[in-house]
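Student: Questions regarding the structure given below will be posed in turn.
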Amino acid sequence: MFITLTNDHVHFDYGSKRWQYNFNEIVELGLLKKKKTYLLENGAFISVTALAYYCMFFSNLMELYYIVPALLMYTVLIILRFHNTIEFEYYVIVKDIYRKETKVKIKTLDRPVIGKQIDQYLSLEFNRLVQESKSPILI
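Here's what the structure looks like:
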């Protein structure tokens, strides 16, 4: 279980990270979906292309010996780029009243279960706030 609810605390546990808050301390709790960037693969692709163009225009390689290594590098880069089919990275974000933000990266397979637990927490928090607003205020 990612979220464990007690009477007055919310315990978070994912992997090696464990922390807890009081119900009143949590300002925002949610999932963040971030598109994965391929900066390293794209940079390597650009550098291989630049090296191939340099060999084509500014070197004395008339026999086109540079094409085979360039094609092999393109093959490796394409395999690296498309081997992992996961397009998004998911994070759980907890913001508290002390303006501290806790951000934990979660696995894609854990996202539906953690999303349901966050929904349960938000539902419980909503019901708790409704009960507090219904209770009479004694002065």
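Under the numbering used here, residue 149 is the last one in the sequence shown; the count climbs by one each step, no gaps.
Each residue gets a CB set at the ideal place from its N, CA and C atoms; glycine is no exception.
Measuring only the C-alpha atoms, how far is Leu139 from Asp120?
Tutor: Rounded to whole angstroms, Leu139 to Asp120 spans 29 Å at the Cα level.
Student: Could you check if Ile107 is buried or exposed, using at least 16 other CB atoms within 10 Å of its CB as the buried criterion?
Tutor: Classification for Ile107: exposed.
Student: Got a sec, what are the start and stop residues for the alpha helix (DSSP H) Tyr63 sits in?
Tutor: 49-68 is the extent of the alpha helix (DSSP H) around Tyr63.
Student: Within the same chain, show all residues whose beta-carbon is closer than 7 Å to that of Lys43, passing over the 5 residues directly before and after it, in chain order.
Tutor: Same-chain partners within the cutoff: Phe98, Tyr100.
Student: Can you tell me the Cα-Cα spacing of Leu150 and Ala60, whole angstroms?
Tutor: Coverage of the chain is limited to positions 11 through 149, which leaves residue 150 absent and any answer about it impossible.
Student: Determine which residues share a DSSP beta bridge with Gly40 and list them.
Tutor: Ile103, per the DSSP bridge assignment.
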